[in-house]
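Enquirer:
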Amino acid sequence: MATYIYETIPEQSGESPRRFEVVQSMKDAPLTRDPATGVRVRRVISGGYGLMGVGEKSGSSTPVSAPCAPGCACHAGPRIPAP
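For what it's worth, numbering that gives the first Met the number 0 labels the leading residue of the sequence shown as 0, then goes sequentially.
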């Protein structure tokens, strides 16, 4: 289940949209009307967040201990100064 942000579509000039959140399945069609008022709505596209973990994922073909490419800079250690 995902949380989606919707906003009402103003019907009159100068009217401000009202935003609200709805928990829906990703398979559900977007709402077209506010469930509380019946006013037309649109889904708002916004930035999200992600979680990144450390360790081997289930089904991963690359072990966590795989060596990095030369000069990858992802590990602490001596660094080559910039010219």
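Every residue gets a Cβ at the ideal spot worked out from N, C-alpha and C, and that includes glycine.
1) Using only alpha-carbon positions, find the residue among Ala1, Arg17, Thr2 that is nearest to Gly37.
2) Under the three-state reduction of DSSP, which class applies to Ile4: helix, strand or coil?
3) Quick check on the DSSP output: the beta strand (DSSP E) that includes Val38 runs from which residue to which?
4) Suppose you measure from the CA of Val40 to the CA of Val53; what does that come to, to the nearest Å?
5) Please report the straight-line C-alpha distance between Thr2 and Glu20, rounded to a whole angstrom.
6) Keeping to the same chain, check which residues put their C-beta closer than 7 Å to that of Asp33; ignore five residues upstream and five downstream.
7) DSSP three-state call for Arg32: helix, strand or coil?
Expert: Once the coordinates are examined:
1) The residue you call residue 37 lines up with position 38 of the sequence shown. That would be Arg17, whose Cα lies nearest to the Cα of Gly37.
2) The residue labelled residue 4 in the question sits at position 5 within the sequence shown. Ile4 falls in the strand class under three-state DSSP.
3) Within the sequence shown, numbered from 1, the residue matching residue 38 stands at position 39. First-last for Val38: undefined, no H or E at that position.
4) Residue 40 sits at position 41 when you count from the first residue of the sequence shown. Residue 53 sits at position 54 when you count from the first residue of the sequence shown. Cα-Cα distance, rounded: 40 Å.
5) The sequence position of residue 2 within the sequence shown is 3, counting from 1. The sequence position of residue 20 within the sequence shown is 21, counting from 1. Those two C-alpha atoms are separated by around 6 Å.
6) On the sequence shown, position 34 is the one that residue 33 refers to. So the list reads Thr7, Val40, once near-sequence residues are dropped.
7) Taking the sequence shown and counting its residues from 1, the one referred to as residue 32 is at position 33. It is a strand residue.
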